[in-house]
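Trainee: Mapping of the sequence shown onto our numbering: residues 18 to 331, in sequence order.
Ideal Cβ placement from N, Cα and C applies to all residues, glycine included.
Owing to the predicted nature of the structure, the values given are computational and were not obtained by experimental measurement.
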Amino acid sequence: MDRKRTLVTGGSGFIGSHLCQRLLDMGHDVLAADNFYSSDRHNVHELLPNPRFELMRHDVTFPLYVEVDEIYHLACPASPVYYQRDPVQTTKTCVHGSINMLGLAKRLGARILLTSTSEVYGDPAVHPQSESYWGNVNPIGIRSCYDEGKRAAETLFFDYHRQHGLPIKVARIFNTYGPRMQPDDGRVVSNFIVQALKGEPLTVFGDGSQTRSFCYIDDMVDGLISLMNSPREVTGPVNLGNPGEFTMIELAKQVIALTDSDSELQHLPLPADDPVRRRPDISRAREVLGWEPAVPLSEGLARTVDYFRGVLNS
Ligand code: NAD
Ligand code: UDP
Ligand code: UDP
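Okay, here's the thing in structure tokens:
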């Protein structure tokens with residue numbers, strides 16, 4: 018593969034830091050732009066000595082003038098705790114941030130990939146979710162800044178493609194987990210693991226019968242890179258996720274078993290608009306990318322537990 022200059026927005030985040038690392042390993046030059054709103058700069062600490070890596074503090078809601086060959090546009094808080102903390106900023110990041118990165122891509126004629134989300138399906142009335150489903154999203158609820166923000170970002174990507182002929186790639190990512198999630202990030206996998214390791218109760222929202230499908234980070238990075246390098250006519254949207262589906266009670270029990278913890282379950286109120294079930298139909302990713310996840314939940318959780326053990330002991 019040719020050596021490319023690659024911009025990763027949100028490059029110091031959970032997925033972004035793993036993506037930067039992989040792109041460097043592949044021999045590319047990587048510029049990470051991040052305002053550190055929902056991440057720790059230490060995520061990319063190990064990459065800093067690499068002369069092909071550059072980290073830049075930048076908020077994508079402002080214009081950015083750099084010269085690159087391709088853009089992975091990840092910048093956006095992904096945890097409900099973070100994206101609901103400043104919901105107006107979340108919508109600005111999704112909309113103004115996408116316009117700026119699309120304007121940059123247009124000036125450069127560069128490929129640009131958006132990390133959209135399964136949240137575009139809202140609380141889905143169709144199960145499992147395939148890309149042809151238009152979703153069931155509350156436009157005025159507490160999750161809307163993110164869900165509708167990402168839907169608007171997808172619209173902008175497809176309009177720049179139709180209006181300006183821009184080469185775009187839209188990935189719809191389902192819940193992804195692994196090392197380098199923030200311990201206080203608020204997402205369920207990191208919450209449960211940290212609680213179990215500390216011997217605290219695992220906070221199950223609602224009765225815990227809601228389902229999610231969890232994809233290990235290495236599989237997700239493979240999927241994003243193969244989508245970016247797919248033929249030009251492959252625009253997506255493409256679902257990327259692991260079709261294994263688990264209730265939050267099942268997840269909590271797996272985490273307790275893996276950590277050998279004596280933590281109990283503590284039921285807390287279910288947040289508003291929390292989707293009841295979610296599982297990706299990944300037929301399109303299999304067909305157009307030849308991609309499917311390889312790491313089962315038990316194995317990915319074990320690796321993530323090892324990581325958090327290290328973090329909590331340091
Ligand atoms: P994350 O919060 O760890 O990373 C997002 C990064 O974007 C952070 O480093 C944050 O500081 C940065 N950021 C936020 N607003 C910014 C702004 N205005 N300007 C510049 N940087 C900004 O989350 P993540 O899990 O790594 O998610 C990465 C992308 O993947 C996001 O676009 C998210 O919507 C998408 N996604 C993630 C998941 C998942 O389960 N992890 C699921 C669906 C979609
Ligand atoms: N933009 C940017 N970097 C560039 C080119 C454009 O950040 O290299 C931003 C610029 O701020 C602009 C936005 O992208 O507002 C959209 O650009 P586009 O060319 O699509 O629209 P216009 O400039 O006509 O508003
Ligand atoms: N959840 C939970 N306990 C927690 C955090 C989350 O039971 O401490 C639930 C949450 O209500 C949701 C699921 O786990 O049903 C996944 O939540 P997360 O915030 O990880 O992602 P999202 O809701 O965006 O899929």
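With the cut-off set at 8 angstroms, would you say C162 and T78 are in Cβ contact?
Mentor: Contact: no.
Trainee: How is P104 classed by DSSP in three states: helix, strand or coil?
Mentor: It is helical.
Trainee: Any heavy atom of ligand 1 inside 7 angstroms of the beta-carbon of V211?
Mentor: V211: no, Cβ never under 7 angstroms from ligand 1.
Trainee: Please identify the residue among R326, G258, P94 whose C-alpha is closest to the C-alpha of S230.
Mentor: Nearest option by C-alpha distance: G258.
Trainee: Between E262 and T228, is the Cβ-Cβ spacing less than 8 angstroms?
Mentor: For E262 and T228, yes; Cβs fall inside 8 angstroms.
Trainee: Taking its Cβ as the centre, do 16 or more other Cβ atoms sit within 10 Å of F53, making it buried, or is it exposed?
Mentor: Per the 10 Å Cβ criterion, exposed.
Trainee: Mind checking whether R249 and P184 have CB atoms under 8 angstroms apart?
Mentor: Cβ atoms of R249 and P184: closer than 8 angstroms.
Trainee: I want to check one thing, is the minimum distance from the CB of P254 to the heavy atoms of ligand 1 below 7 angstroms?
Mentor: Answer for P254: no, Cβ out of range of ligand 1.
Trainee: What does DSSP give as the partner residues of E71 in its beta bridges?
Mentor: In DSSP, E71 forms a bridge with L48.
Trainee: Can you tell me where the alpha helix (DSSP H) holding V322 begins and where it ends?
Mentor: Where V322 is concerned, the enclosing alpha helix (DSSP H) stretches over 314-330.
Trainee: Does any heavy atom of ligand 3 sit closer than 7 angstroms to the C-beta of F325?
Mentor: Because no heavy atom of ligand 3 lies under 7 angstroms away, the Cβ of F325 does not count as near it: no.
Trainee: Whole angstroms are fine: how far does the CA of V143 sit from the CA of V293?
Mentor: When rounded, the distance between both Cα atoms is 11 angstroms.
Trainee: Could you have a look at S133 and say whether DSSP puts it in helix, strand or coil?
Mentor: Of the three classes helix, strand and coil, the one that applies to S133 here is strand, per DSSP.
Trainee: Following a CB-centred definition, is K109 positioned closer than 7 angstroms to any heavy atom of ligand 2?
Mentor: False, no ligand heavy atom lies under 7 angstroms from that Cβ.
Trainee: Using the C-alpha atoms, what's the distance from G253 back to V322?
Mentor: V322 and G253: Cα-Cα distance of roughly 33 angstroms.
Trainee: First and last residue of the beta strand (DSSP E) that includes I266?
Mentor: That residue, I266, is in no beta strand (DSSP E); its alpha helix (DSSP H) goes 265-276.
Trainee: By Cβ distance below 7 angstroms, which residues in the same chain neighbour D298 in space, the five residues on each side in sequence not counted?
Mentor: Cβ neighbours of D298 beyond the five flanking positions: P145, Q146, S147, N256.
Trainee: Is W308 buried or exposed, if buried means 16 or more other CB atoms sit within 10 Å of its CB?
Mentor: Buried, since its Cβ has 16 or more Cβ neighbours within 10 Å.
Trainee: What I want to know is whether the C-beta of P80 ends up closer than 7 angstroms to one or more non-hydrogen atoms of ligand 2.
Mentor: The answer is yes for P80.
Trainee: Please indicate yes or no: does the CB of R124 lie closer than 7 angstroms to some heavy atom of ligand 2?
Mentor: Checking the Cβ of R124 against ligand 2 gives yes.
Trainee: What residues in its chain sit with their C-beta under 7 angstroms from that of F325, if we drop five residues either side in the sequence?
Mentor: Excluding residues within five positions, the ones whose Cβ falls inside 7 angstroms are P200, I210, V211, L214.
Trainee: I'd like the list of long-range same chain contacts for V85, defined as Cβ closer than 7 angstroms, with 5 residues on each side in sequence excluded.
Mentor: So the qualifying residues of the chain are R22, T23, L24, L48, L125, A127.
Trainee: For V154, count neighbouring Cβ atoms within 10 angstroms of its own Cβ and tell me buried if that reaches 16, exposed if not.
Mentor: Counting Cβ neighbours within 10 Å, V154 comes out buried, since at least 16 surround it.
Trainee: Using three-state DSSP, classify C232 as helix, strand or coil.
Mentor: C232 falls in the strand class under three-state DSSP.
Trainee: In whole angstroms, what separates the C-alpha of Y194 from that of G203?
Mentor: Roughly 12 angstroms between the two C-alpha positions.
Trainee: Helix, strand or coil for N208, going by three-state DSSP, please let me know.
Mentor: Here N208 sits in helix by DSSP.
Trainee: Out of curiosity, what's the CA-to-CA distance linking S226 and R295?
Mentor: In a straight line, the C-alpha of S226 is about 12 angstroms away from that of R295.
Trainee: Restricting to Cα atoms, I'd like to know which of D277, H113, N192, S133 is closest to M265.
Mentor: M265 has its Cα closest to that of N192, out of D277, H113, N192, S133.
Trainee: Does the beta-carbon distance from D290 to G223 come in below 8 angstroms?
Mentor: Cβ distance not < 8 angstroms, so D290 and G223 don't count as in contact.
Trainee: Express the C-alpha separation of L173 and I116 in angstroms, rounding to a whole number.
Mentor: Going by the C-alpha atoms only, they are around 7 angstroms apart.
Trainee: Out of K123, L241, E63, which one is the CA nearest neighbour of F175?
Mentor: The shortest Cα separation from F175 among K123, L241, E63 belongs to K123.
Trainee: Which residues in the same chain have their Cβ closer than 6 angstroms to the Cβ of T132, if we skip the five residues on either side of it in sequence?
Mentor: Correct list, in chain order: L91, A188, I190.
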